[in-house]
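Below: one structure, written as structure tokens.
In the working numbering, the protein residues as written are 10 to 658.
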């Protein structure tokens, strides 16, 4: 669901076998709906049914039912959820309003066990709770990936910047080479004229002349081959040096990773044990909830069959039990059939509720430990993968170095062979030049040398022009690279500040609304409650990291009017509940929950006096399409008469 439904539409809810409800249908108008009634009148069950239809798994199946369902219709759209008992667990199916109810469970479904309310009451880490919907690990991974890409772009752009001055150098070199070529061609033209004059005056042996020219051609070819070999040797040397530098860097990084890493077996074993513990705690919590719900239902007399059975059992011993069943301060016990005081059963239910809260706290502790172990396991996996990559690359470089070093030795051997061959050819040419027609042969040798030098210079010009084309092509890429680097810089800036921005917005929302609510509710000596964002060093797994935390400050004034700072432990139950609700509202707004969740659900407000409950509901209802609050009759009487009321469920 991408956006909330229109606030002009009536929401129709049909419930079967949810919580303590056997079957009911309720219509909820946009705005505020007050569920008015005493405890154990299925008000909380109705709120849980709404939560289930919206996508939450925090609803219970009726104790004596194998299957329950809830259907929510808003306008022309219908959303449904089915709860089915399978062994000791309850599974859910259907098409709920939300695909993921995480945000709603945290900041919209504000029942007694809501984590935001409990976190404030217990003084827990508020920053962790407000940031839980944000995948900070994914953000950090994206930051690291973008930083790597930016470093690569920086290196490329730096290389291109250095090429700016390379083009003029290449242009000047090309001009110099062409000038040298022209000079050599002029010299060659002069030599050719001298050869023509000498040929006209001297009768030479054509065979000897052809032999000399062949030798000069061989000498020219050998010198060219030697030049190529020397160039290849220089290139191989540069490649080997670059590979050795990279190999050294990789070995230094590899040395920082231990050869022996924890295989994670112990961690996985502990995680499995903790998950078993959490499953056991979940089962216990569900069982306790079923027992609590059953006892609440029985306390309100919702099971006529059990009551009738108890009446039949007592008629022979006590006469008429009708009077005993309807007395205001006693009730027939549904386990032993005797009359007991209602307060005794209510006290037992309260102890069961306390036990359920204790089990929930233990479950949250186990969940936190599992998260820590999974982070530790992920860090080990990351180090193991990096070690494998480094080992593979180092091995690859070693193979490449062996190949190139072997190639360099082959080139050295080839260079020696060519040098020896050139010496032999020069000796043969020198012998031919010593014959009687040595002057003419010398001219031919000089002309041959000039042709060789011209060819070498022309080849160098081609290399320079090829490099110029490559430089120009690479420089054309610089604008695209710089544009991409700017995009990455902007993305990095946004990612690096996203978490901090959400933290600031959450604090600003809480502080603003807390100030307004305290002003409206007018607590006697409570001046201000506000959150401050600070940094502290904490341990995450085996590492110590700097982490932001939310420090809550409470300012009171003494009878003399002096201000002093108090602690959350000294807040009254009413003040603590209000603070928890405002903190949940801050999360509701900062995560834009109102855009996807049209409901705000309130329950267990008895610690707050009736007038303040009415004022608080007025304030909260400005931010949600539908606000549904479970209230005692005296509290419901204090809210505006314009609000809808549901008195029977």
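Beta carbons: idealized from backbone N, C-alpha and C, even for Gly.
Pick out whichever of the options has its Cα sitting closest to the Cα of residue i.
i: residue 644; options: 172, 651 and 617; result: 617
i: residue 359; options: 97, 489, 598 and 298; result: 298
i: residue 576; options: 585, 248 and 195; result: 585
i: residue 546; options: 538, 558 and 540; result: 558
i: residue 24; options: 296, 181, 74 and 439; result: 74
i: residue 201; options: 537, 499 and 460; result: 460
i: residue 513; options: 638, 135 and 67; result: 135
i: residue 117; options: 496, 592, 615 and 646; result: 592
i: residue 544; options: 531, 532, 560 and 533; result: 560
i: residue 496; options: 629, 159, 455 and 221; result: 159
i: residue 132; options: 562, 628, 608 and 654; result: 562
i: residue 88; options: 341, 98, 197 and 65; result: 65
Compute the Euclidean distance between the alpha carbons of residue i and residue j, then round it to the nearest angstrom.
i: residue 423; j: residue 416; result: 10 Å
i: residue 433; j: residue 458; result: 17 Å
i: residue 378; j: residue 149; result: 22 Å
i: residue 651; j: residue 510; result: 39 Å
i: residue 383; j: residue 269; result: 20 Å
i: residue 279; j: residue 556; result: 26 Å
i: residue 228; j: residue 234; result: 10 Å
i: residue 632; j: residue 486; result: 51 Å
i: residue 508; j: residue 145; result: 8 Å
i: residue 193; j: residue 475; result: 23 Å
i: residue 494; j: residue 515; result: 32 Å
i: residue 400; j: residue 370; result: 46 Å
i: residue 349; j: residue 18; result: 48 Å
i: residue 243; j: residue 236; result: 11 Å
i: residue 637; j: residue 44; result: 7 Å
i: residue 330; j: residue 26; result: Any reading at residue 330 must be qualified, since the residue scores a pLDDT of 37, below 50, and its modelled position is unreliable; the value itself is stated next. If you take the alpha carbons of residue 330 and residue 26, they lie about 30 Å apart.
i: residue 657; j: residue 53; result: 13 Å
i: residue 462; j: residue 195; result: 13 Å
i: residue 431; j: residue 232; result: 7 Å
i: residue 639; j: residue 157; result: 54 Å
i: residue 648; j: residue 392; result: 59 Å
i: residue 96; j: residue 60; result: 23 Å
i: residue 356; j: residue 340; result: 14 Å
i: residue 230; j: residue 465; result: 11 Å
i: residue 183; j: residue 174; result: 15 Å
i: residue 596; j: residue 372; result: 23 Å
Looking at the structure shown, is residue i part of a helix, part of a strand, or coil, going by DSSP?
i: residue 88; result: strand
i: residue 271; result: coil
i: residue 43; result: strand
i: residue 646; result: coil
i: residue 579; result: helix
i: residue 23; result: strand
i: residue 606; result: coil
i: residue 567; result: coil
i: residue 573; result: strand
i: residue 638; result: strand
i: residue 29; result: coil
i: residue 66; result: coil
i: residue 687; result: Coverage of the chain is limited to positions 10 through 658, which leaves residue 687 absent and any answer about it impossible.
i: residue 278; result: helix
Look at the Cβ atom of residue i, then the Cβ atom of residue j, and state whether they are nearer than 8 Å.
i: residue 480; j: residue 186; result: no
i: residue 105; j: residue 70; result: no
i: residue 162; j: residue 484; result: no
i: residue 529; j: residue 41; result: no
i: residue 49; j: residue 367; result: no
i: residue 113; j: residue 79; result: no
i: residue 256; j: residue 406; result: yes
i: residue 535; j: residue 565; result: yes
i: residue 683; j: residue 409; result: The requested residue 683 does not occur in the structure, where the chain is confined to residues 10 to 658.
i: residue 437; j: residue 224; result: yes
i: residue 4; j: residue 29; result: The chain is shown from 10 up to 658; residue 4 falls before or after that span and cannot be answered.
i: residue 207; j: residue 441; result: no
i: residue 190; j: residue 467; result: yes
i: residue 284; j: residue 589; result: no
i: residue 21; j: residue 82; result: yes
i: residue 276; j: residue 414; result: no
i: residue 573; j: residue 607; result: no
i: residue 477; j: residue 172; result: no
i: residue 238; j: residue 427; result: yes
i: residue 527; j: residue 542; result: no
Whole-angstrom Cβ separation of residue i and residue j, contact assumed at under 8 Å?
i: residue 266; j: residue 396; result: 5 Å
i: residue 338; j: residue 351; result: 6 Å
i: residue 56; j: residue 612; result: 6 Å
i: residue 155; j: residue 518; result: That pair is no contact at about 29 Å.
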